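Colleague:
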Amino acid sequence: MDGRLAEMMRFYATLHWGSNVRGRTTFKRRQDAARSFEGVLSCSDPVPADALTEVRRELAAAQAFLNSAEASRTVMENKLFSEQGARANAETWVQQISADRDAAHKEVKLVKSRETSLNVQISEMKAVIKSHQEMYGRSENRFQMGLRSNEILTKEVNHGHSEYLVGIQEFKKSHENLHKLFSQSDPKETTLTSKLRKRNRDLVHRVKRLEKANSARSSRLRLEDMDPEALVLMIEETLAPDSQIRRTMKAVYKIGLEDGRDHDTPADDIARAKIRFAEVRAEKQRKAEEAAAAAVFGNFLFCGDLPTTAEETEGFSSCLSSNSGREISAVIQVVDQVVVEQAIFQQAIFQQAEYSRTCS
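Here is the structure:
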């Protein structure tokens, strides 16, 4: 125990006394030779005052340095603690900010997906609206075209109906005139009258067929106003392309058109024909040419043979002045009216076909 204490004291004295004491050889030898605490204390010599002052100064400087180091260490520890706290706070704040940023990113992605879906829906709705607008435009155009076509068809139907009624009334009048003429004519049945009766029946059947066709096509029938002269020329071109027959037909039409009175009755027709031809032909010549003119007219009416010579034409004209010639002239007028009605009806059918082709 004493040896250890001596070693400790020796070490403490070495540290305490400084280099100027530790370097002395005599002190060193006595210190090394000391084996007890008293020997160590006895081996020490009084230290000079300047050495103590220098040691104190160094000790004070070391103490001050140590204090400053401890103060700086305390400051650094405090700073480190504050830095650690600030770092922890910053990490916590960064974590919160990161969580908020992730939540914001998720919300932004959700909003963008909703915006994309809304844009798709808006584009689809725009396409649907555009298609509906186009469909509405087409429907409006079709409706307007339907209205215009309905108005046109209504006007055409009304016009055709009125024209048809007028034609039927004229045909009824001509039919009645024909029956009156037949009742006033010779009751003796001849070949010509039988042919005329047969022709009349054919014309009646034809008119009935025309009435059926007119009733079937009344919804789209359109009749245009026609010039009477154009109708006369049409009938002339249909019945007789020969110039003599044209002149004869014009003479027949002039007989009915020169008088301004009502010339629909058989009496007026007979009176006008008698006044026109009484002064021109004699009674014997009239009777002699009657048979030839009747034969010529029968060929013209049923066979299509036309009078080509001047004698046949004159006989045809003189036939119109006799009683049977008056009957035949009335029949000619009825036939002419029927032919005119048939021509008008054919022209109306042709115009209807043209109108249907232009509409389609």
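The sequence shown begins at 8 in the working numbering and counts up by one.
Here a beta-carbon is modelled for each residue, glycine too, at the ideal position from N, C-alpha and C.
Computed from a prediction, not measured in an experiment: that's the story for all the values here.
1) Return the CA-CA distance between Ile175 and Lys219, expressed in angstroms with no decimal places.
2) Quick one: measure Cβ to Cβ for Leu185 and Asn207, integer angstroms, because I've assumed they're closer than 8 angstroms.
3) For Glu147, count neighbouring Cβ atoms within 10 angstroms of its own Cβ and tell me buried if that reaches 16, exposed if not.
4) Given this structure, state the Cα-to-Cα distance separating Ala68 from Glu61, to the nearest angstrom.
5) Looking only at its chain, what residues have a beta carbon closer than 6 angstroms to the beta carbon of Thr161, apart from the 5 residues adjacent to it on each side?
6) Measuring straight from C-alpha to C-alpha, what distance separates Gly144 and Lys180?
7) If you measure from the CB of Ala76, is any heavy atom of the ligand SAH nearer than 6 angstroms?
8) Let me confirm a value: Gly167 is counted as buried when at least 16 other C-beta atoms fall within 10 Å, else exposed. Which label applies?
9) Please report the distance separating the alpha-carbon of Leu66 from that of Gly92.
10) Apply the 10 Å Cβ neighbour rule to Leu125 and answer buried if 16 or more other Cβ atoms are within range, or exposed otherwise.
Modeller: In this structure, then:
1) Taking the straight line from one Cα to the other gives about 13 angstroms.
2) 7 angstroms
3) exposed
4) 10 angstroms
5) Excluding residues within five positions, none has a Cβ falling inside 6 angstroms.
6) 53 angstroms
7) This structure simply doesn't include the ligand SAH, nor any ligand for that matter.
8) When all chains shown are included, Gly167 counts as buried.
9) 37 angstroms
10) exposed
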